[in-house]
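Chemist:
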Amino acid sequence: MFIRPLAVLAAFLAAGTTNAQTVKPAEAPAAAQPAAQPTGDPVYEAPDGTKLSVVKKSKVTITIDIEELRLGSGPECPPGATVMINYHGMLENGKVFDTTRGKKPVNFNLGQLILGWQLGIPGMKVGGVRRITIPYQLAYGDQEIPGQDGEPLIPAKSNLVFSIEMLAINGKDADGNPYPPKEKALSRVEKDNGLIIEELRIGDGAECPPGATVVCHYRGVLAVDGQQFDSSYDRGQPATFPLSNVIKGWQEGIPGMKVGGKRRLIIPAELAYGAMARPGIPANSMLEFEVELVDIKN
C-alpha cells in the first residue's frame, strides 16, 4: 500500500496587526488613527525587540471529513495502535489508487502512516466501517506518487478518500480474543529451555537441516497481548536468511520442518532478545511466531 509517513504541519496559526493610514496632500496632518485595543493577551517581542500586545488573532484549520458507515463494537481504537483493516483508496474523481479488495487484510501501525490516517482512524471500533476524506496537506502534500505506467498514481496536492473496515485493534477482536484466530495445533512439544513448538501443517517437501538458509513467511507478535511487531505477509514477500543469523528460538524451532509446512513457535525471552528492547518489542518479552517454510536454499 502506498501509505507512507510524511512530516506535515497539521494546523497553521497566524497572528498580525492591521495598520491603516490616510495621507491628504496639501492639508493639515491627518488625525491619528485610533490604536487597536489590546485583547489582554501577554506581551510579545517584535523582531526589533519592541514589546507588543496581541491585537488580533486568527486560526487556519485543516479538516478531515469523517463519515461513519457502520458502527463497530468493543473498545475504541487508540492513537498509535496496530490495526488490521480492509481499505479502498480513491482520488476525489473516483480513480482507485490502492485497495485490499480481492486481497488479504493488512496490518499497520498508525504511527507509521500519513497524518490523515493517524488522525482519522482513532475512535473506530472492530467491525466498524468509516469513510474519511483527507486533505492533501495531511496526505502527501506537494509530493507526487508515481505509477507503474509512468503516469502519477497520486498527483501532487491530491485529496484522498478512503473507506476503511476495522477488523482488529492491537491483535484483538471486539471481545478481546486474538485476531485472526489461532490455528489449531496438530501437535505440541515443550522443550526444557522453555521453547514451545506447535505443528500447524506438515509439509511434503525437503526437511530443513540446522544452519540452513531458509525462505519463509512469518508473523511475529508479543505473546503477552498478541500485538504484532513484524510480518513478511504485510511486506508481500517471504524473507530469506541463514538460521545462524537469527534468534536462538528460530535456530532450534525451524530445523525439522519440511517445505510447505507451518509451525507456531512460542519463544521465551532468553531465546529471543532477552533484556534488549527492539522496535515494537519491550525488554524481556516472550515472542510468538507463525512460520511457513517456503524453500530451503542449502
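Numbering that gives the first Met the number 0 puts the first residue of the sequence shown at 0, with every later residue one more than the last.
Backbone N, C-alpha and C define an ideal beta-carbon position, used for all residues, glycine too.
Being a predicted model, the structure only gives us computed values, none of them experimental.
#1: Name the two residues that bound the continuous alpha helix (DSSP H) containing Gln117.
#2: In its own chain, which residues sit with a C-beta less than 8 Å from the C-beta of Val95, not counting the 5 before and 5 after it?
#3: Would you decide whether Ala25 is buried or exposed? Buried here means 16 or more other CB atoms lie within 10 Å of its CB.
#4: Tell me whether Asp229 sits in a helix, a strand or coil according to DSSP, three-state version.
#5: Please report how far the alpha carbon of Ala205 lies from the alpha carbon of Lys247, in whole angstroms.
#6: CB-CB under 6 Å to Lys50, same chain, minus the five flanking residues each way: which ones, in chain order?
#7: Would you mind sorting Leu292 into buried or exposed? The rule is 16 or more other CB atoms within 10 Å of its CB.
#8: Quick one: using the 10 Å Cβ neighbour count with 16 as the cut-off for buried, is Asn318 buried or exposed?
#9: Report yes if the C-beta distance between Ile113 and Ala80 is below 7 Å; otherwise report no.
#10: Along the chain, where does the beta strand (DSSP E) that runs through Gly88 open and close?
#11: Contact defined as beta carbons within less than 8 Å: I believe Thr62 pairs with Asn85. What is the distance between those atoms, to the nearest angstrom?
#12: Over what stretch of residues does the beta strand (DSSP E) that includes Lys181 continue unbroken?
#13: Which residue wins for smallest C-alpha separation from Ser72, given the options Lys124, Trp116, Ile120 and Pro104?
#14: If contacts are defined as beta-carbon pairs under 8 Å, then Ile201 and Lys257 qualify, I think. What distance do you get, rounded to the angstrom?
#15: Closer than 6 Å by C-beta to Ala271: which residues in its own chain qualify, once you throw out the five before and the five after it? Chain order, please.
#16: On the DSSP letters alone, give me the boundaries of the alpha helix (DSSP H) that Gly252 sits inside.
#17: Can you name, in chain order, every residue of its own chain whose Cβ lies under 6 Å from the Cβ of Tyr135, other than the five neighbours on each side?
#18: Mind checking whether Gly115 and Ile144 have CB atoms under 7 Å apart?
#19: For my contact list, Val128 and Leu68 are in at a C-beta cut-off of 8 Å; report their separation, rounded to the angstrom.
#20: Can you tell me the Cα-Cα spacing of Glu91 and Gly140, whole angstroms?
#21: Inspect the beta-carbon positions of Ile266 and Cys207 and report whether they are closer than 7 Å.
#22: Between the C-alpha atoms of Phe288 and Arg218, what's the straight-line distance to the nearest angstrom?
#23: Can you list, in chain order, the residues of its chain whose CB lies under 6 Å from that of Ala282, leaving out five sequence neighbours each side?
#24: Let me check you understand the geometry: is the CB of Tyr86 closer than 6 Å to at least one non-hydrogen atom of the ligand FMN?
#25: In the DSSP assignment, what residue or residues form a beta bridge with Leu238?
#26: Within the same chain, show all residues whose beta-carbon is closer than 6 Å to that of Gly146, passing over the 5 residues directly before and after it, in chain order.
#27: If you count every other CB in all the chains shown that lies within 10 Å of the CB of Ser284, and 16 or more means buried, which is it?
#28: Tell me where the beta strand (DSSP E) around Pro278 begins and ends.
#29: Tell me the residue span of the beta strand (DSSP E) that contains Ala155.
#30: Can you give the beta carbon distance from Pro177 to Gly225, rounded, assuming they're within the 8 Å contact cut?
#31: Rounded to whole angstroms, what's the CA-CA distance from Asn106 to Pro78? Just pull it up for me.
#32: Sort Asn244, Pro254, Phe228 and Val213 by Cα distance to Ala238 and report the nearest one.
Modeler: Checking against the coordinates, here is how it stands:
#1: Leu114 to Gly119
#2: His87, Gly88 and Met89
#3: Low local confidence applies: a pLDDT of 41 at Ala25 is under 50, so the model's placement there is unreliable, and no value is given.
#4: strand
#5: 22 Å
#6: Val42
#7: Buried, since its Cβ has 16 or more Cβ neighbours within 10 Å.
#8: Since the first residue of the chain shown is 0 and the last is 297, residue 318 is not available in this structure.
#9: Taking 7 Å as the Cβ cut-off, Ile113 and Ala80 do not qualify as a contacting pair.
#10: Thr81 to Leu90
#11: Not really, about 25 Å apart at Cβ, beyond 8 Å.
#12: Run containing Lys181: none; DSSP gives neither H nor E here.
#13: Lys124
#14: 7 Å
#15: Ile246, Gly248 and Leu286
#16: Lys247 to Gly252
#17: Lys156, Ser157 and Asn158
#18: no
#19: 4 Å
#20: 15 Å
#21: no
#22: Their backbone Cα atoms lie some 6 Å apart in a straight line.
#23: Listed in chain order, the non-local C-beta contacts of Ala282 below 6 Å within the same chain comprise Ala274 and Ala276, local neighbours out to five positions each way being set aside.
#24: Because no ligand of any kind appears in the structure shown, any question about the ligand FMN cannot be addressed here.
#25: For the record, residue 238 in the displayed sequence is Ala; it is not Leu. Cys215, per the DSSP bridge assignment.
#26: Leu152
#27: buried
#28: Element bounds for Pro278: n/a, residue is neither H nor E.
#29: Element bounds for Ala155: n/a, residue is neither H nor E.
#30: Correct: roughly 5 Å between the Cβ atoms.
#31: 15 Å
#32: Val213
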